[in-house]
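Residue numbers (my numbering), protein chains in the order written: chain A, 1 to 492; chain B, 1001 to 1235.
Every residue gets a Cβ at the ideal spot worked out from N, C-alpha and C, and that includes glycine.
The structure under discussion appears below in the form of structure tokens.
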Amino acid sequence: MFKKFISLEWKQFFRSANFGKSIGIKIFMGFLALYFIVVFLVMGFALYPGLKELYPDGDPFIIVNSFIFFWVLADLMIRFFFQKLPVMSVKPLLTLPINRSKIVNYVLGKSVISFMNFLPFFAIIPFSIVLLFNDYNSGVVVTWVLIMLLIILINNFFNFIIESYSSETELSFLPIIVLVGGLYALNFFEIINIADALGNGILVITENPIFLLVLILVLIGLYFFNFKILRKKLFLDASLKTNIKEVKTSNMGWTKRFGDIAPFMQLDIKLILRNKRSKSSVWMLVMGLLYGLFFYPQPIYQDMPVVFGFVGIFVTGIFLINFGQFIPAWDSSYYKMLMSQNLKYEQYLKSKYTLMVMSVFIMFVLSIPYVYFGWKILAAHFAAAIYNVGVNSYVILIGGSYNRKKINLNERAAFNFQGTGAVQWLIGIPLMLFPVAIFSIFYFTINFETGLIALAGLGLTGIIFHQKLMKFITKKYLASKYEMISAFDQEN
Amino acid sequence: MITTSNLSKTYNNNTVLKIDNLEIPKGQSFGLVGNNGAGKTTYFSLLLDLIKPTTGHIKNNDVLVSESEDWKPFTSAFIDESFLIGYLTAEEYFYFIGELRGQNKQDVDNLVGEFKDFFHGEILQQKKYLRDLSKGNQKKAGIVAALIGNPEVIILDEPFANLDPTTQIRLKVIIKDLAEKRGVTVLISSHDLLHVTDVCERIVVLEKGEVVKDLATSEATLKELEAHFTGSVEV
Chain A
1 MFKKFISLEW KQFFRSANFG KSIGIKIFMG FLALYFIVVF LVMGFALYPG LKELYPDGDP
61 FIIVNSFIFF WVLADLMIRF FFQKLPVMSV KPLLTLPINR SKIVNYVLGK SVISFMNFLP
121 FFAIIPFSIV LLFNDYNSGV VVTWVLIMLL IILINNFFNF IIESYSSETE LSFLPIIVLV
181 GGLYALNFFE IINIADALGN GILVITENPI FLLVLILVLI GLYFFNFKIL RKKLFLDASL
241 KTNIKEVKTS NMGWTKRFGD IAPFMQLDIK LILRNKRSKS SVWMLVMGLL YGLFFYPQPI
301 YQDMPVVFGF VGIFVTGIFL INFGQFIPAW DSSYYKMLMS QNLKYEQYLK SKYTLMVMSV
361 FIMFVLSIPY VYFGWKILAA HFAAAIYNVG VNSYVILIGG SYNRKKINLN ERAAFNFQGT
421 GAVQWLIGIP LMLFPVAIFS IFYFTINFET GLIALAGLGL TGIIFHQKLM KFITKKYLAS
481 KYEMISAFDQ EN
Chain B
1001 MITTSNLSKT YNNNTVLKID NLEIPKGQSF GLVGNNGAGK TTYFSLLLDL IKPTTGHIKN
1061 NDVLVSESED WKPFTSAFID ESFLIGYLTA EEYFYFIGEL RGQNKQDVDN LVGEFKDFFH
1121 GEILQQKKYL RDLSKGNQKK AGIVAALIGN PEVIILDEPF ANLDPTTQIR LKVIIKDLAE
1181 KRGVTVLISS HDLLHVTDVC ERIVVLEKGE VVKDLATSEA TLKELEAHFT GSVEV
């Protein structure tokens, strides 16, 4: 039966409409994976000698164990944002004579074969080899590797529990931040020294492998908890029940001042607020706004204005990148209707553009308090905002004309918790790196101000050619109209 | 009103539609029947410029459909549920379509008000998104939305499927009324021979993409159609 599931997914991948695009992304991901593998390998081999050098008196093995806690936290965090439970379209299977538990077991089993779970071993295995060469007891080392394996699996399944609960609330990534932040704070303020406790715990287990059973029990517990959650979702009505809420309608009179694009603006705003998938881009705004706090309070970054440029682009452009990259796929489920309706493509695109520009403006205004950390930051944010309005917004619209992947807004697929994964961030990379590169070139060859002028100048150029650019973009969309209609007509 | 000439659509050497000449005059209620894969939806999609013809063209009120967009203001359609915007309520959806078609709220309210019977109290003021309505109710909303803005051409693909008997009867009245009293050209497709013969003045039978029968509806039409489709089963 599992073999059949695998062949189903194989077909789904190779027969999907955007196959070409997925393969491009897959190749890129492949390179990225290779890079991380190399980094982890190097880390694995260098860890022991490195720690020996830093702490000549300490035992590297014990030091590593005392850091496991932080690794667990970071791992949980990264998993939450990048690892999604493998999605499978289960609805057609429900009426067939297949055990529900078989489907759940398959999905959970498949989640174990995740890159996230293999990657740490590229560091763990070399480190263990080095340990063996340094005359550590082979029994201890083997037990230690087993402990690591169990911790990874525990994290794997724990993450899905967090994801499934946070997807039920509207809080998106707040729970994980609170959880990880809370644990970190408990440790940091030494209310409970979890790091040492965990480190010591691991040491105890390596001495008495029988305690491995504790971890195994935890793992089994988590697995069955996941099993229960998913099995519940496998009934058609389970996902329907919660969804019929009473709807509040508002006429959004304020959009009227935008003239002929008003109906589209209203539609877009409703789209964002009423669909789970798009709602997360609103939460991204909060995250984007706070992003500066990672950098600015730290004195080392005060002398690195390049960081200002990067944060500026990120903060003012986060909604643009998040929302913009799925234009026009947001409207994919009713694209046919739009195309046969009495509407001008230009208005449709202008509405999206206006929305993005508004978000940049709002984010800039909200980020003004960062001036507390220096006027240069404000200036950089301003230049970045102009760049986002004048360059990135058009780039992302042009990119949209190559969009062939349907987004199913109505989707309540049993395993689709957040809908977007790593790829979403990859697309944002050139949008953020290119302006930072421009800024850096001018900053390092001339000075800070010239860098800002270059960014703002590029942005202004774009704004001046607004009409021309929009015409060009409209043409691109019209040219790919038939292709888009047929691609958006296909599932997956 | 609608002139089709030398139209064909081919996918990988497989011709799914080939209509040499088909003329639909203004104000006609036109029915398209045929088995699955006969090319009904393909024809409607070509008419709405959702796919590109391989050869030939369709002219809608002298506008070349695949080249100009000027046919859009007087043409409306409901093909399937993908014509609905799931995250809007029925009212919001009607207003949105209304705005695209240059109608204000009052116009839309007036028009929609005429269909109270048809809605059977299950569409308006429900405080539900369209995506949460049943398939039949979604269809009702879609059909009425296609009537907003006084279109001169209305295209409905399989309007009777998924509807309950009461609504089917009401829909027939509405369609007849549109063609006879308001001079609207109505194009519908259906698998249900009885419904089409009831509603349409003219019925065209498609088979493997080609027009095989073109009948003006009379007493004998239903019999003739039944004979035709029974025959094509035996062949």
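Cβ of residue i within 9 Å of any chain B Cβ
i	result
Tyr334/A	yes
Gln266/A	yes
Ala358/A	Inspection of the sequence shows that residue 358/A is occupied by Met rather than by Ala. So, not an interface residue.
Met339/A	yes
Ala414/A	For Ala414/A, the predicted structure reports a pLDDT of 40, less than 50, and the residue's modelled location is therefore unreliable. The matter cannot be settled from this model.
Tyr482/A	yes
Pro60/A	no
Asp196/A	no
Asp489/A	yes
Min CB distance residue i to chain A below 9 Å
i	result
Ala1077/B	yes
Ser1082/B	yes
Leu1088/B	yes
Asn1100/B	In the sequence on display, residue 1100/B carries Leu and not Asn. Chain A contact via Cβ: present.
Lys1059/B	no
Lys1040/B	no
Tyr1236/B	With chain B running from 1001 to 1235 in the structure shown, residue 1236/B is simply not present.
Gly1149/B	yes
Glu1092/B	yes
Contact set between residue i and chain B, taken where Cβ atoms lie within less than 8 Å
i	result
Met252/A	Within chain B, no residue comes near Met252/A; the closest Cβ sits about 10 Å away, beyond 8 Å.
Ile485/A	Leu1050 and Ile1051
Leu523/A	No information on residue 523/A is available, as it lies outside the stretch 1 to 492 that chain A covers here.
Distance CB(residue i)-CB(residue j) smaller than 9 Å
i	j	result
Phe1118/B	Ile1174/B	yes
Leu407/A	Ala329/A	According to the sequence shown, residue 407/A is Ile rather than Leu. Yes; because the gap between Cβ atoms is below 9 Å, this pair is in contact.
Pro435/A	Ala384/A	yes
Asn200/A	Arg79/A	no
Phe323/A	Ser351/A	no
Leu390/A	Thr316/A	According to the sequence provided, residue 390/A is Gly. The question's Leu does not apply to it. Taking 9 Å as the Cβ cut-off, Gly390/A and Thr316/A do not qualify as a contacting pair.
Phe364/A	Leu452/A	no
Leu230/A	Val104/A	yes
Val1016/B	Gly1039/B	yes
Asn208/A	Ala195/A	no
Lys1128/B	Thr1089/B	yes
Outcome for residue i when other beta-carbon atoms lying within 10 angstroms are tallied against a minimum of 16
i	result
Leu73/A	buried
Phe224/A	exposed
Ser367/A	buried
Gly292/A	buried
Phe472/A	exposed
Leu478/A	exposed
Gly421/A	Legend: pLDDT at Gly421/A = 47, less than 50; position of this residue unreliable, no value from coordinates given.
Asn1006/B	exposed
Asp1049/B	buried
Phe308/A	buried
Thr242/A	Low confidence applies to Thr242/A: its pLDDT is 46, below 50, so where it sits in the model is not reliable, and the reading given next is rough at best. Result: exposed.
Asn388/A	buried
Trp144/A	buried
Gln1106/B	exposed
Phe294/A	exposed
Ser1189/B	buried
Ser1029/B	buried
Pro126/A	buried
Val371/A	exposed
Lys256/A	exposed
Asn1013/B	exposed
Amino acids of chain B, ordered along the chain, whose beta-carbon sits closer than 7 Å to that of residue i
i	result
Leu349/A	None at all; the shortest Cβ gap to chain B is about 15 Å.
Leu409/A	Gly1086 and Tyr1087
Cross-chain neighbours of residue i in chain A, by beta carbon under 8 Å
i	result
Phe1030/B	Going along chain A, no residue has its Cβ under 8 Å from Phe1030/B, so there is no contact; the nearest lies around 18 Å.
Proximal residues of chain A, C-beta to C-beta of residue i below 7 Å
i	result
Phe1096/B	Pro263 and Leu267
Residue-chain proximity (residue i, chain C), Cβ-Cβ < 9 Å
i	result
Gly44/A	This model lacks chain C altogether; the protein chains it does include are A and B.
Contact set between the stretch 1114-1125 of chain B and chain A, restricted to residues whose Cβ is under 9 Å from the partner = none
Taking only beta carbons into account, state which residues of the stretch 271-292 of chain A come closer than 7 Å to chain B, listed in chain order.
-> Leu271, Arg274 and Asn275
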